[in-house]
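Engineer:
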Amino acid sequence: MKIALILSGGTGVRLGTDIPKQYLEVGGKPILSYCMETLLGHEEIEAVQIVAEPVWQAEIVSWMKALPGKEKFRGFSLPGENRQLSILHGLEDIREYAADTDYVLIHDAARPLVSAEMITECFRAGEAQEGAIPVLPMKDTVYRSENGKTITSLLDRGTVFAGQAPEVFLLGKYLEANRRLLPDAVLRINGSTEPAVMAGMDIAMIPGDEGNFKITTQGDLERFREIIGTKVSCE
Numbered sequence: 083m084k085i086a087l088i089l090s091g092g093t094g095v096r097l098g099t100d101i102p103k104q105y106l107e108v109g110g111k112p113i114l115s116y117c118m119e120t121l122l123g124h125e126e127i128e129a130v131q132i133v134a135e136p137v138w139q140a141e142i143v144s145w146m147k148a149l150p151g152k153e154k155f156r157g158f159s160l161p162g163e164n165r166q167l168s169i170l171h172g173l174e175d176i177r178e179y180a181a182d183t184d185y186v187l188i189h190d191a192a193r194p195l196v197s198a199e200m201i202t203e204c205f206r207a208g209e210a211q212e213g214a215i216p217v218l219p220m221k222d223t224v225y226r227s228e229n230g231k232t233i234t235s236l237l238d239r240g241t242v243f244a245g246q247a248p249e250v251f252l253l254g255k256y257l258e259a260n261r262r263l264l265p266d267a268v269l270r271i272n273g274s275t276e277p278a279v280m281a282g283m284d285i286a287m288i289p290g291d292e293g294n295f296k297i298t299t300q301g302d303l304e305r306f307r308e309i310i311g312t313k314v315s316c317e
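The working numbering numbers the first residue of the sequence shown as 83 and each following residue consecutively.
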């Protein structure tokens with residue numbers, strides 16, 4: 083079985099809006115709906131779990147009613163203290179109906195432009211190993227700083243990559259990798275793949291997509307609005 087876990091529990095405080103960014107309306111529907119439509123409609127995905135605050139769950143169900151593949155939705159998981167705990171909550175709930183040998187795809191609601199092709203490529207690469215992550219090469223010179231004020235060293239940008247989502251993992255091993263970090267280490271995790279790497283899982287890298295950006299700032303939101311506006315005007 084292949085399961086998608088959508089992370090929609092963030093508060094979006096960096097964007098400075100009244101409601102979390104994933105629920106802002108763009109092009110006549112909430113941002114979350116864009117990735118829900120792609121993931122629910124993907125032929126390989128058999129189940130979808132969503133991390134969301136209870137106050138938003140009824141709204142999400144109502145938005146989902148118009149989407150093909152809505153019958154794949156299995157339920158909600160509660161957000162955790164940080165992103166990785168939210169993932170762990172989702173994994174624990176997914177394990178109630180999935181096996182250790184199944185694969186879970188983790189995606190952010192704030193990355194609305196994920197393509198079906200990227201999802202397929204993540205699954206292909208992940209199944210060949212124990213997981214996969216799309217990455218982008220670094221274009222700029224990359225420096226390391228011990229104190230955040232002065233440069234400590236220059237990094238070889240040919241060996242440094244920026245990770246994206248979705249990420250795919252072998253469910254059983256990834257769940258155990260996250261459980262090992264309880265109760266405190268999990269709060270220091272910055273990226274979904276980090277627990278897998280720490281546990282020695284074999285994670286493949288595949289080419290990322292610059293169009294699959296995460297909406298974090300007002301500039302990102304405006305970029306997404308322009309893309310959607312252009313698509314609508316061309317239809």
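Here a beta-carbon is modelled for each residue, glycine too, at the ideal position from N, C-alpha and C.
1. If you drop the 5 nearest sequence neighbours on each side, which residues of the same chain put their C-beta closer than 6 angstroms to that of Met280?
2. Which residues does DSSP list as the beta-bridge partners of Ala86?
3. Please tell me whether Lys25 and Ile297 are closer than 8 angstroms, where the distance is taken between their beta carbons.
4. Using DSSP's beta-bridge definition, name the partner residues of Val217.
5. Let me confirm a value: Asn272 is counted as buried when at least 16 other C-beta atoms fall within 10 Å, else exposed. Which label applies?
6. Have a look at the DSSP bridge pairing and note the partners of Val137.
7. What does a CB cutoff of less than 8 angstroms around Glu258 pick up in its chain, not counting 5 residues either side in sequence?
8. Among Pro219, Arg226, Ser235 and Tyr256, which has the Cα closest to the Cα of Thr241?
9. Under DSSP, the beta strand (DSSP E) around Ser159 begins and ends at which residues?
10. Where does the unbroken beta strand (DSSP E) through Ser235 begin, and where does it stop?
11. Do the stretch 246-254 and the stretch 211-218 meet, that is, are 3 or more Cβ pairs less than 8 angstroms apart?
12. May I have the straight-line CA-CA distance separating Asp284 from Asp291, to the nearest angstrom?
13. Using beta-carbon positions only, say whether Leu122 and Lys147 come within less than 8 angstroms of one another.
14. Using the Cβ count rule (16 or more neighbours within 10 Å means buried), how would you classify Glu228?
15. Tell me whether the beta-carbon of Leu253 lies closer than 8 angstroms to the beta-carbon of Ala134.
Structural biologist: From the atom records:
1. Here residue 280 refers to the residue found at position 198 of the sequence shown. Cβ within range, chain order: n/a, list empty.
2. Here residue 86 corresponds to residue number 4 of the sequence shown, with the count starting at 1. Beta-bridge analysis with DSSP links Ala86 to Val130 and Leu187.
3. In the structure as shown, the chain starts at 83 and stops at 317, and residue 25 therefore has no counterpart that could be examined.
4. The residue given as residue 217 occupies position 135 in the sequence shown. According to DSSP, Val217 bridges with Gly245 and Pro289.
5. As a first step, residue 272 must be located in the sequence shown, where it is residue number 190. Exposed.
6. Stepping through the sequence shown from its first residue, residue 137 is reached at position 55. DSSP output for Val137 lists no bridge partner at all.
7. Locating residue 258 in the sequence shown gives position 176, where the first residue counts as 1. Ala281.
8. The residue you call residue 241 lines up with position 159 of the sequence shown. Distances from the alpha-carbon of Thr241 to those of Pro219, Arg226, Ser235 and Tyr256 put Pro219 closest.
9. Within the sequence shown, residue 159 is the residue found at index 77, counting from 1. Here the beta strand (DSSP E) through Ser159 covers Phe155 to Ser159.
10. What you label residue 235 is simply residue 153 of the sequence shown in a count that begins at 1. Ser235 to Leu237 is the span of the beta strand (DSSP E), which, as asked, contains Ser235.
11. By the C-beta criterion, the stretch 246-254 is judged to be in contact with the stretch 211-218, since at least 3 inter-stretch pairs fall below 8 angstroms.
12. Numbered from its first residue, the sequence shown carries residue 284 at position 202. Numbered from its first residue, the sequence shown carries residue 291 at position 209. Approximately 22 angstroms between the Cα atoms of the pair.
13. Numbered from 1 along the sequence shown, position 40 holds the residue referred to as residue 122. Numbered from 1 along the sequence shown, position 65 holds the residue referred to as residue 147. Not closer than 8 angstroms, so no.
14. By 1-based counting over the sequence shown, the position of residue 228 is 146. Result: exposed.
15. For the purposes of this step, residue 253 is identified with residue 171 of the sequence shown, where counting begins at 1. For the purposes of this step, residue 134 is identified with residue 52 of the sequence shown, where counting begins at 1. Not a contact, by the Cβ cut-off of 8 angstroms.
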